[in-house]
Amino acid sequence: MPEVETIARNLRKTIVGKRVAGIRLSGLPLRKPVGGTLAEKLQGRVIRKIHRRGKYLIAEMEPHAFWLIHLGMSGRLYFHPTEIQPSKHTHATIFFSDATRLEYRDPRRFGLLATYEVAKISQIPELRALGVEPLSPKLDREELARLLKKCRSEVKSFLLDQSKIAGLGNIYVCEALHWAGLHPSRRCFTLSREEAGRLVHAVRRTVKQAIRNRGTSFSDFRDSDGKPGDNQKFLRIFQKEGEKCRRCGSMILRMRQGNRSTFYCPCCQK
DNA sequence: GCATTACCCTGAAAGC
DNA sequence: TGCTTTCAGGGTAATG
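Per the numbering used here, the first sequence starts with residue 1319, numbered consecutively.
What follows is the structure, encoded as C-alpha cells:
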C-alpha cells in the first residue's frame, strides 16, 4: 500500500486533467483478461481524480467512469513525456491528447486493469469486500480488538487479509508484528486489548514510515517516475534471517505461513 | 461459514 | 558455462 500511495501521489501531479486519446494493449491477460472494453471506456475521457483504496488505484474519469488499477506484485506505471518503445512486459500504453503517455508494465501479470460505470467508488466489485484502511481513524484499539476476537486464524494471516484491513502486504505485516512484539502464529482471539492497542500503533507506524520513504524497493517497485523507494533501508525484520534483532540481539528466524515467508524474532515476539 | 491451500506468472538466484 | 530447479508474493478459487 505505501508503494501504491506513492504512485497515486505522483500520478496526481502528472496525469490529472489529461484526456485519453488512445490505448494500445498487449492482448495478454493479467489477473483477468483486459479486453477491448478498457480502450472503449477510457477513450476520449478526462482523468479528474486519482484515488487509492487498499492496494488499488482508481482513476475517476469524466464523463463519469472509474478506471481500476492493481499492480499485483510486479506491476509498474511509468509516465513518459515523450515517445517510448514498449518493452516485452508492456501490457497497456495510454496515449494522452498532449502526446504524453502512461505505460503499464507487469512481468508476472498478477495485476488488474478494468473499468466500471457504477455511481460510487464503493460500488466497484473489487473494492466492496475491502476492510478498513490502516491509517483510518476508524481503526483504533477497540475496533481491532473487536475484529480479532471473532477470528480464529493466525494474526499474520489476519493482517494479510484485505477484507479485514485493506493494504498490508507481507513486508509490512512482518514489520508491524515485530514492532508490536507479537508472534506471527498467535491466534487472533487470544490477543488482549492491550496487545490490540500495540498492534494498531505498530501498523500505523510501519505504514507511515514506508509512505514517508516512498515505499520499499527490493527488485520490483519503482514509482511512476522510475525512482525506487527508500524504505528497505529502514526495515528491522523483513529478509533479515540470521541477523541480530535490533531490540534484543537474538537471531532472527524465518518460517513459512500460508506459502509466504515470515521473519520474526523468537525472543521478543510473544 | 470460516480457515487453509493451491494456483496463476516470470525473473532472479541457487544448485548442479 | 549453461541448464534446471526453487523461490518470491497478491488475490482468489477450490478444498477442508
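Here a beta-carbon is modelled for each residue, glycine too, at the ideal position from N, C-alpha and C.
query, result
"Exposure of residue 1319, with buried meaning 16 or more beta-carbon neighbours within 10 Å", "buried"
"Close Cβ partners of residue 1446 (< 8 Å) along its chain, the five nearest in sequence each way excluded", "1440"
"Paired residues, beta bridge with residue 1413 - DSSP", "1340 and 1419"
"Three-state secondary structure assigned by DSSP to residue 1400", "coil"
"Three-state secondary structure (DSSP) of residue 1528", "helix"
"Own chain, CB closer than 8 Å to residue 1478, minus 5 neighbours either side, in chain order", "1486, 1487, 1488, 1491, 1576 and 1578"
"Distance between residue 1365 and residue 1558 (C-alpha atoms, nearest Å)", "41 Å"
"Nearest to residue 1408 (by Cα), restricted to the options 1326, 1341, 1480 and 1476", "1341"
"Among 1476, 1348, 1404 and 1360, nearest to residue 1433 - alpha-carbon criterion", "1360"
"The segment 1400-1418 in contact with the segment 1320-1331 per 3-pair CB rule at 8 Å", "no"
"Cβ-Cβ distance between residue 1352 and residue 1420 below 7 Å", "no"
"Which of helix, strand or coil DSSP assigns to residue 1491", "helix"
"Where residue 1500 sits in the DSSP three-state scheme", "coil"
"Spatial distance of residue 1416 from residue 1338 (CA atoms)", "9 Å"
"Where residue 1496 falls, given that 16 or more other Cβ within 10 Å makes a residue buried", "buried"
"Bridge partners - residue 1370, DSSP secondary structure assignment", "1375"
"Bridge partners - residue 1574, DSSP secondary structure assignment", "1579"
"Beta-carbon proximity check, residue 1390 vs residue 1484, cutoff 7 Å", "no"
"Pair within 7 Å by beta-carbon distance, residue 1326 and residue 1370", "yes"
"Cutoff 6 Å; reference residue 1367; Cβ partners in own chain excluding five residues on either side", "1378"
"Close-in-space but distant-in-sequence residues of the same chain around residue 1568 (CB under 8 Å, 5 per side omitted)", "1562, 1583, 1584, 1585 and 1586"
"Simplified DSSP state of residue 1384, which is helix, strand or coil", "strand"
"Length of the line joining the Cα atoms of residue 1435 and residue 1413", "21 Å"
"Anticipated Cβ contact below 8 Å, residue 1425 with residue 1522, distance rounded", "No, residue 1425 and residue 1522 are not in contact; Cβ-Cβ is about 32 Å, not under 8 Å."
"Contacting residues, own chain, Cβ-Cβ under 7 Å from residue 1528 (five flanking each side not counted)", "1320, 1490, 1534 and 1549"
"Residue 1466 beta carbon less than 7 Å from that of residue 1514", "yes"
"Cβ-based neighbour list, residue 1566, same chain, cut-off 6 Å, excluding 5 preceding and 5 following", "1585 and 1586"
"Supposed close pair residue 1472, residue 1505 - CB separation, criterion 8 Å", "6 Å"
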